[in-house]
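Just below is one structure, and these are the notes that go with it.
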Amino acid sequence: MKRRVPVLVQTSALLLALTSGVTSAYTVQKGDTLYSLARREGVTVEALVQLNRLADTTLSVGQELVLPSEQKAQQIAGVKVLAPVMLKEGDIFTLRLTGERSAEARVRFLSEVNEDVRSPAEDLAPFGAAGEYVVLGRVVLGQRRPLTYEVRLGDERITGSVPVSSRGLKVQNLNLAPEIAARRQDPKRVEEEALVEKAYARRTPQAWSRPFLGVPGVRVVTSQFGQPRRYTKDEELKYHYGTDYAAPTGSPVQALNDGTVVVAGMYPARGGLVAIDHGAGVVSMYFHQSKLQVKVGDQVTRGQIIGQVGSTGISNGPHLHLEVRVRGEAVNPAALFNRMLP
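All the letters of the sequence shown, read from the start, carry residue numbers -25 to -1, 1 to 317 under mature numbering (1 follows the signal peptide of the UniProt record, and there is no 0).
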């Protein structure tokens, strides 16, 4: 018989997830219900409703939820280090440090040395306050080897590893029309890529103080984050670095959180693009817009309308491609929805 978890324990676990960011992102699959997910995770349906701020308890295939997750603890020089127990490729996660000397610690993700990342094994300083600090981590799409990390504090050093699994998504064949596929060879792509790489390289202080927004009014997922795909027949497989949300042309596009606009313009591949630097290595990007309502250098706030949905660039129809990058690498945007931290 499956052991029932007392309501008090479930409530405590939920409160921990809400306050500490101990959650993981999950994409609803065929046959999933809130009851089946709650039973699998050992929590109540009410806990999942509250954690995801759901107004409707009916789930849709492709809908993105956050689920309670576990973390494992280590100690270094009186500082407690919490790391996830399991990750998937493309995850964004936190290493959490608690204790008086947390701000002095330095963190590196050693496994990045052998991966195709822009800035492998950066020396990272935690951010936070009052003895509660975090370092944001990311798992590169296509990476299945364990993630390894190092924490240094004074003369002490600890290491750890976290197993990584596949997202298990099916291949999507886009079969783009030749005139749309040709935009990938546009000479102006060089300028486009240079601008976004410059945005990825920014390292500014954390700019947000409220939870990240979800994607209000844009709910139908047409292509999931991390989905392997081909743009044309027999082409090499690539990963989808964001999530596509179908919406009518002209629908408002809102900023996920406070930050600075670092890219705003029309480009061959991404179409109408806005990129916002939120600090701490986090950049959100909004592709294929028909109209932009901000410019480079603007300070934007959470929920501010920055443009309108369109089908510009390499696009098969009106939709918002939402992308989140951590130190230049794509992560699952849903892990930040309605959360201060993943």
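Glycine included, each C-beta is placed from N, C-alpha and C at the ideal position.
Here the structure is a predicted model, which means the values were calculated and not measured.
message: Using only the alpha-carbon positions, how far apart do Thr134 and Met61 sit?
response: 16 Å
- request: Give the DSSP bridge partners of His294, in chain order.
  value: Note: His294 sits in a beta bridge opposite Ala221, Gly285.
- prompt: When DSSP labels each residue in this structure, what does Gln147 get in the three-state scheme?
  reply: Note: Gln147 maps to strand in three-state DSSP.
- prompt: Which residues mark the beginning and the end of the alpha helix (DSSP H) in which Gln279 is found?
  reply: Neither: Gln279 is in no alpha helix (DSSP H) and is coded neither H nor E.
task: Counting only the same chain and skipping the five closest in sequence on each side, list residues whose C-beta sits under 7 Å from that of Gln279.
output: If we look at Gln279 and ignore the five residues flanking it on each side, its Cβ neighbours are Gln229, Ala230.
- prompt: DSSP three-state call for Val36: helix, strand or coil?
  reply: coil
Exposure of Ser184, with buried meaning 16 or more beta-carbon neighbours within 10 Å: Burial call: exposed.
Beta-carbon spacing of Asp252, Ala174 below 8 Å: yes
- prompt: Is Leu311 helix, strand or coil when you go by DSSP?
  reply: helix
query: Does DSSP put Gln202 in a helix, in a strand, or in coil?
result: DSSP, reduced to helix, strand and coil, places Gln202 outside both helices and strands of the structure shown, so it counts as coil.
query: Between Leu170 and the rest of its own chain, which residues show a CB-CB distance below 7 Å, the 5 nearest in sequence each way excluded?
result: Val238
task: Rank Leu267, Ser286, Ser259 by C-alpha distance to the C-alpha of Arg277 and give the top, closest one.
output: The residue from Leu267, Ser286, Ser259 with its alpha-carbon nearest to that of Arg277 is Ser259.
task: Would you mind listing the beta strand (DSSP E) stretches within the region 99 to 184 that are 3+ residues and don't spill past its ends, in chain order?
output: 102 to 104, 107 to 113, 122 to 128, 131 to 137, all fully within the region 99 to 184.
task: Can you have a look at Asn150 and say buried or exposed, based on whether 16 or more other CB atoms are within 10 angstroms of its CB?
output: exposed
- request: Can you tell me which of the three DSSP states Gln268 falls into?
  value: If DSSP states are grouped into helix, strand and coil, Gln268 belongs with coil.
task: Measure the beta-carbon distance from Val126 to Glu90 and round it to whole angstroms, keeping in mind my assumption that it falls under 8 Å.
output: Between Glu90 and Val126 the Cβ distance is about 19 Å, and since that is not below 8 Å, they are no contact.
- prompt: Which stretch, first to last residue, makes up the beta strand (DSSP E) that contains Gln4?
  reply: Where Gln4 is concerned, there is no enclosing beta strand (DSSP E), because DSSP gives it neither an H nor an E.
query: According to the neighbour-count rule (16 or more other Cβ atoms, all chains shown, within 10 Å of its Cβ), is Pro243 buried or exposed?
result: buried
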